[in-house]
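The block underneath contains the structure these notes are about, expressed in structure tokens.
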Amino acid sequence: MRTLCVFCGSSEGKGPLYREAATQLALAMAEKSISLVYGGGGRGLMGLMASSLYGKVSRVTGVIPERLYAMVKEIPHNEDELLIVKDMHERKAMMYQLSDAFLALPGGVGTLEELMEAFTWLHLGYQRKPVGILNSQGYYDHLLAFLEHSVQEGFLKQEFLNCLVVEEDPRLLIQRLESTPLELPGKLI
């Protein structure tokens, strides 16, 4: 894996633990020289990831829609390249093209939407790149319980849910994203 797309919040969340998780992920990526693709924001966990990796990996690439860029262009950015795209759809398509895998740190509804779209693309066969969650402090426990409930109620196959790589340790998560084969079932339903 050369390039990892990290979905994460434009805020830091409450307390230092989410910042620490992002910092540990950045260290793990730097150790393996994994370049970053991210949402292009200069604040929150997004800004922390970019500033932690800028100058330490081959490339830090931000992808941001015009409208969001207009709101944050005065905030310092730490990336090798900032791609300004038309809208959120173009942003996600560009992030997909530039990345070898996807990973979600804690974040809000935007992070959740990006994570679920990458997972849906995998589920539907539009992409064959691993999707992971860094479940720092159990942040995604309720989402994972919902997905398990979807399996129990017959709306999601267990085999597809098994494709989602979930770990609390950033190094282990990267290792699994690099080494776990994608074994997708042949049928969607």
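Residues in the sequence shown are numbered consecutively from 0, following numbering that gives the first Met the number 0.
Note that beta-carbon positions come from the ideal geometry of N, C-alpha and C, so glycine has one too.
- Close CB contacts of SER51 within its chain, under the 7 angstroms cut and outside five residues either way in sequence, are with THR22, ALA25 (chain order).
- Taken atom to atom, the span from the alpha-carbon of VAL36 to that of ALA92 is near 12 angstroms.
- Residue pairing by DSSP puts ALA103 in a beta bridge opposite PHE6, ILE132.
- Distance from the Cα of SER32 is smallest, within the candidate group TYR53, LEU114, ILE83, GLY8, for TYR53.
- Counting every other CB atom within 10 Å of its CB across the protein chains shown gives TYR125 a total below 16, marking it as exposed.
- Distance from the Cα of HIS88 is smallest, within the candidate group GLU78, VAL59, ASP79, GLY109, for GLY109.
- In the structure shown, ILE173 falls within a helical segment according to DSSP collapsed to helix, strand and coil.
- For the pair MET0 and ASP99, the CB atoms are nearer than the 8 angstroms cut-off.
- GLY137 has its alpha-carbon roughly 32 angstroms from the corresponding atom of LEU81.
- Taking LEU114 as the centre and dropping the five residues before and after it, the same chain places the C-beta of PHE6, ALA103 closer than 6 angstroms to its C-beta, in chain order.
- When secondary structure is reduced to three states using DSSP, TYR17 falls in the helix class.
- For TYR138, the secondary structure class from DSSP, reduced to helix, strand or coil, is coil.
- Going by DSSP, GLY43 is part of the alpha helix (DSSP H) stretching over 43-52.
- Taking a C-beta distance under 8 angstroms as the contact criterion, VAL71 and GLY40 qualify as a contact pair.
- The distance from the Cβ of GLY107 to that of GLY14 is about 16 angstroms, inconsistent with a contact at the 8 angstroms cut-off.
- Rounded to whole angstroms, LEU121 and PRO180 show a C-alpha spacing of 13 angstroms.
- Judged by their CB atoms, MET45 and GLY38 are nearer to each other than the 8 angstroms cut-off.
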